[in-house]
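Let me begin by presenting the structure, written as structure tokens, before commenting on it.
2 protein chains.
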Amino acid sequence: MSQRRQIHLSCQQPTYVVSAVGAELILEIYECMPSDADSFDIHGSPEVHISIAYDGEIVSQSTGKEKWSLHKGVEVLVSMQISSKNIGDHMVKVSYYRGEEDSALDSAIVYLTSVVVSLDIDANRDGELNRQRVDKASWTWGPEGQGAVLLVNCDRDNASSSAMDGADRIVSGEEDLKDMSRMVLSIQSPTALFSNHKLLLHVSLSDADKLRLFYKFVAVSGSKFKHVLGEEKLYYEVEPASGDETHTFYVEGLKFPSANFSGLVYIGITLLDCSLEGVPGSPLFTDKVVFRVAPWIMTPNILDPVEVFVCRISINPTFLQQLTDLVTNARCRLTICEDIDNRGDRWIQDEMEFGYIEAPHKHFPVVLDSPAQRGLTGFPFKKLLGPDFGYATTHPELNLPVSSLDSFGNLEVSPPVTVNGKEYPLGRIIIGSSFPMLAGRRMIKNVTDFLYAQQVQAPIELFSDWLYVGHVDEFLTFVPAPGKKGFRLLLSSPTSCYQLFQEKQQQGYGDVSIFQGLNVIHRTISEILADDDMKKENIYTQRCIDWNRAILKEQLGLTEKDIIDIPALFTLDKQKYANALFPSLVNMIVLGKNLGIPKPYGPIINGRCCLEEKVSSLLEPLDLRCTFLDDFYSYHEFQGEVHCGTNVLRKPSSYKWWHMIP
Amino acid sequence: MSQRRQIHLSCQQPTYVVSAVGAELILEIYECMPSDADSFDIHGSPEVHISIAYDGEIVSQSTGKEKWSLHKGVEVLVSMQISSKNIGDHMVKVSYYRGEEDSALDSAIVYLTSVVVSLDIDANRDGELNRQRVDKASWTWGPEGQGAVLLVNCDRDNASSSAMDGADRIVSGEEDLKDMSRMVLSIQSPTALFSNHKLLLHVSLSDADKLRLFYKFVAVSGSKFKHVLGEEKLYYEVEPASGDETHTFYVEGLKFPSANFSGLVYIGITLLDCSLEGVPGSPLFTDKVVFRVAPWIMTPNILDPVEVFVCRISINPTFLQQLTDLVTNARCRLTICEDIDNRGDRWIQDEMEFGYIEAPHKHFPVVLDSPAQRGLTGFPFKKLLGPDFGYATTHPELNLPVSSLDSFGNLEVSPPVTVNGKEYPLGRIIIGSSFPMLAGRRMIKNVTDFLYAQQVQAPIELFSDWLYVGHVDEFLTFVPAPGKKGFRLLLSSPTSCYQLFQEKQQQGYGDVSIFQGLNVIHRTISEILADDDMKKENIYTQRCIDWNRAILKEQLGLTEKDIIDIPALFTLDKQKYANALFPSLVNMIVLGKNLGIPKPYGPIINGRCCLEEKVSSLLEPLDLRCTFLDDFYSYHEFQGEVHCGTNVLRKPSSYKWWHMIP
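If you read the protein sequences in the order shown, they are chains H and D. If you're matching positions, the first sequence starts at 1 in full-length UniProt numbering and goes up one per residue. If you're matching positions, the second sequence starts at 1 in full-length UniProt numbering and goes up one per residue.
Structural data, given as structure tokens:
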């Protein structure tokens, strides 16, 4: 509470005041002034700082020697810079005078007790508590910003627990504690003060479900922790012992920022005067601190991979072997989700999105569970949640009316970009939606609200509802690349495929067919080029992609040089939704410079697939290594590809999210 | 859609493109270039504007005579400034060259059709439609800001309707129309275009419940209106006739800004290319406009009164007569709410709050119905809702768990203030709440969320839960005053009352009692001063008021000179809640310079009540006229006073809310 407190004076008896060190008090010099007084002087004990103010602005320090005119407008401000040893050991005296008379008409005495009651947190974000006098109740973004950070305690350090650490009301151990933010209450006060004053820690009703505070105390068996604030506990009475002491608390976040929650939570401590028997205690002053709950942050393709996830199903042994080789080359871990955990669901990209949360003192990965309820639905919670591996969901209630667009193949993130001078150092989230007028499928509000509320990766909504599955990963991806931007956007391009096939036809390869070696209908280049329906359908799908290309260029600040067109062809089904004709090359897994690209089964010319040759010729100059993985029977025929069937845990960005300005 | 659309070229056959006048198209010059070409030139028909760009920045206008190097990075942008008379009547031709050869290797031709499809609204807020090319899709605050405004159509112009105009899907007449915002669609296009193109107006799913769009068309009987967009209608196909025409629409708002609704709503129009049979139409371009739904705005005491409302109950004839005289002097209307409408509920201040909504083309008062469900509960809807008198509620669902703090005696607004340089030209809303740690009564979230969401009168929360009734109007009010600020804050002051009584005791009037002439226990000044319990209780209540004083000074930028202390005494009940001992002087009705103040029944000294004398001496120098209204038996004994028993409709502020920066 930075407000100046008003102190009523009396000439009849001394006034006793308790105040915080550094806080300004306004002495109400007019209330008790003798009616014939026209000036006053004021002096105090050495520790008392006395200022004279007009209109709320300090104009002078009082030396105790001047007389001041008693006209409305002069205010006297008093503050103390050190804490009291004894009750009332500081003093000020206001004396009232008439005209030039030397002797005072009357005077009012105030005995002051100054105390330190201060909450200390890591407001400067260096991982340590700060005792500097910063405004701990304000939180600002940017490299010069300040304000402490809270993690949602969504990992499971307690092996015996069945849920996240934040779901229980205990500190399960040292590891659990490390996920929390420390807060220390410092008290310097005469011990006697607390015989008729109380100290209350408090949270507002609206913040109480967003944090939990543990009090650390010493028991015979060592340090213990007691849940004292948060949830139904709105206040906690601190019991000072000596009056010169500190109390340590640990705070855990319980909720991520959301549509109804900015992420900021406040904790206050108030000194209550309970010296008057029979009436309620009245607040003397409050110290307040703010935390921002760390947002959930996604990791773009250009960040180093740590671990690749894939499902084992009956028909993908070849694919698994090829992927294993790729992952080995890329030097990261491979985790195969077995049948018992995937229950026949191969689409591990759709089930979850990896991200992380970070505070100055700690960071760990957090998997966001998609609202999709398929075979893999229990996997993130059962198999990933663990020590320093968090779990988050936007849909505590089950059985939401979800569509295919709610699967997380439809949730991607761009590399860092700068758009018209505005920086997105953690990139921008990309989700697919329906074009407004089509009133079609779109992500449910639970998910989009959650994504927008994280603030640090401002989402872009694309038009993906033209596709049968409807995921953005069906027509775009990002790959690392040399240069200032550090990446290229790869976009599916029917036009580019037609050009390639026309070239090949002109070179005399019109009779070469796609899908050689596969037990599906083979079509020659010339047949494809002569197919008017297919031509029309691909003019349409190219227009849909172009619409998104324009949005991406504008919203990511891209030029044509940042975009690479990757050959693709689509066919429309009866409902006029698009599906990839041959495996969609952009639906790849990106592991550093190693790309695992769906094997397209294009026309074999001079012993090499011309689609593979084309995409390699586009990507290899960027120092990328193209490996083509055969996903035809195992994924492609089920409307998905490599990217849909894998998931990658990546290292967090080295950029601290609190340094950005959303 | 301000994105640049990409146009694919072909050397085999001409490309046909439809574009908006003024929109930039990117010609994809590389896709069809002969492999041995190294430069190109481009020229077009006179109406076509051709630019050369590098990295998305325009660097040169093309005259058609230069040759440009074909290296990745050069982009060609094309736009047209006038609309086409016929399909494809504009043209550009790109020719490709090798080395110094004069004759082109090949060339690609594009036939362009340019059309105007534009939504016009009152984006510059002058009450008229604007055809200027402003960014109609962005809304900015401030005197230099731009963006159109929508009113919630919450009055009832249709006498035969039982609800607000926005509750039905019709335009009931000219008056109903005046409450809506006009939007005109301009089309300039070759008529033939619409044989295979469609125009769709659309709103997003999330905006669809916040507005309703009516289409004006001419029928035999005159103009008619058809509901075409909003609610379940997400899009509407406009059917152009000649191709050179305008279509008029009227938009009404359906919802006030709220916790989940910023107030901004968007309407788009998209030209769909349906020229390819058998595939869905694809979007060519979109024009988008934004409206902000006007906030509900409260009227501070310093605005001129228009009409006073009061209830007739069996025991208030004297009060009614005194109030009638006051209202007559203040030259405003008086409306007495009879028994049949008030059903024994006299607290008309608590039932509702008057405010208004304003757009550049229209404004009208809007009553906000409180969640309180007492005798008057039906009054605002049944008796006030009418032509150009709107009705709003924050609680469409009934039977919310409300407390006394949800009554609107606990909802006030300050006059305009400036706080540390930040201007609040419409004042700040003031609501009473519990002190955080007390976990006590507070306004329900429905109401506070609504108040915060209006944005233009940023609320301040005070601590009023120390009072039995718990309303801010029990201890504060604002009165007009000369000077730059234009007002004073009046605060109840037990200290000031004790001083006054001590003075009177010293002057020999200790034996004079309060409540003379009333059939209640009389207490003398000396008895009151000697009552230690009362003294203690009033130290406590003074501290509660001082706590609020500090908040008010900080949040309204006030100095002591802006505050007047008004004598008051409180007693605590068994639950330690405070009640006014004698009628609370600040609980007054303010009608311009005429104040209707509760008659305090203080000690009569020299023939005059010393409390009346004191308050008159404080307020009359401000050119205010004090009239004391006897509310003792009719209101005071039921824990309320004049302000609680009245309500005032005031003129709206002359300040336009969109000129402020929240």
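Glycine included, C-beta positions come from ideal geometry on N, C-alpha and C. It should be emphasised that the depicted structure is a prediction, and the values quoted were computed from it without experimental measurement.
- Per-residue DSSP class, three states only, for L177/H: helix
- Message: Quick check: what's the CA-CA separation for R169/D versus S138/D?
- Response: 28 angstroms
- Grab me the residues of L70/H's own chain with a C-beta within less than 8 angstroms of its C-beta, minus the 5 sequence neighbours each way, in chain order. I29, Y30, M33, A37, D38, S39, F40 and Y96
- Task: Please list the partners that V279/D has in chain H, where partner means a Cβ-to-Cβ separation under 7 angstroms.
- Result: K536, E537, Y540, L572 and K576
- Item | Length-filtered (3 minimum) beta strand (DSSP E) runs lying within the region 456 to 525 of chain H | 460 to 463, 476 to 480 and 487 to 493
- Task: Would you mind sorting N260/D into buried or exposed? The rule is 16 or more other CB atoms within 10 Å of its CB.
- Result: exposed
- Query: Hey, is the region 418 to 427 of chain D in contact with the region 490 to 500 of chain D, meaning 3+ C-beta pairs nearer than 8 angstroms?
  - Reply: no
- According to DSSP, is K224/H helix, strand or coil? strand
- Query: With DSSP run on the structure shown, which of helix, strand or coil describes H636/D?
  - Reply: helix
- Query: Which of helix, strand or coil does DSSP assign to E231/H?
  - Reply: coil
- Measure the alpha-carbon distance for M1/H versus Y356/H and round it to whole angstroms. Only weak support exists for where M1/H lies, its pLDDT of 38 falling under 50; the coordinates are left without a value.
- Specify, as a first and last residue, the run of the alpha helix (DSSP H) that C544/H falls within. D532 to L556
- According to DSSP, is M1/D helix, strand or coil? Note that M1/D scores a pLDDT of 38, beneath 50, so its modelled location is shaky and nothing firm can be said.
- Message: For a contact defined as C-beta to C-beta under 8 angstroms, what are the partners of R549/H on chain A?
- Response: The question asks about chain A, but that chain is absent: this structure's protein chains are H and D.
- Message: Cβ closer than 8 angstroms: which chain D residues qualify as neighbours of L276/H?
- Response: K536, I539 and Y540
- Within chain D, partners of F40/H - CB distance below 8 angstroms: Neighbours of F40/H on chain D: none; closest Cβ ~15 angstroms, over 8 angstroms.
- Query: On the three-pair Cβ rule with 8 angstroms, is the region 279 to 298 of chain D touching the region 600 to 607 of chain D?
  - Reply: no
- Task: Could you tell me how far apart the beta carbons of V366/D and A392/D are, in whole angstroms, since I believe they sit closer than 8 angstroms?
- Result: 5 angstroms
- Query: Just how far apart, CA to CA, sit I297/H and D388/H?
  - Reply: 15 angstroms
- Message: Please classify F217/D as buried or exposed, where buried requires at least 16 neighbouring CB atoms within 10 angstroms.
- Response: exposed
- Item | Pairwise C-alpha distance: P401/H and M660/H | 35 angstroms
- Message: Just to confirm the assignment, what range does the beta strand (DSSP E) spanning E307/H have?
- Response: P305 to C311
- Is S186/D near Y266/D, with beta carbons less than 8 angstroms apart? no
- Note down, in chain order, every chain H residue with its Cβ under 9 angstroms from the Cβ of Q499/D. E31 and C32
- Message: By DSSP's criteria, L284/D is part of a beta bridge. Which residues make up the other side?
- Response: Per DSSP, none; premise fails for L284/D.
- Quick one, are the C-beta atoms of D406/D and L376/D less than 8 angstroms apart? no
- Query: Rounded to a whole number of angstroms, what is the C-alpha to C-alpha distance between A159/D and Q349/D?
  - Reply: 27 angstroms
- Which residues in the same chain have their Cβ closer than 8 angstroms to the Cβ of I82/H, if we skip the five residues on either side of it in sequence? V21, E47 and S114
- Query: Do you know offhand how far E252/D's Cα is from N153/D's?
  - Reply: 6 angstroms
- Task: Would you kindly report the start and end of the unbroken beta strand (DSSP E) that includes D41/D?
- Result: S39 to G44
- Own chain partners of V238/H with C-beta closer than 7 angstroms, once the 5 adjacent residues on each side are dropped: L185, L199, L201 and H247
- Task: Measure the Cβ-Cβ separation of K484/H and L151/H and say whether it is below 8 angstroms.
- Result: no
- Message: Just checking: is the beta-carbon of P480/D within a distance shorter than 8 angstroms of some beta-carbon in chain H?
- Response: no
- Message: Residues of chain H with CB closer than 8 angstroms to the CB of residue 668/D, please, in chain order.
- Response: The displayed coordinates of chain D run from 1 to 662. Any statement about residue 668/D would go beyond what the structure contains.
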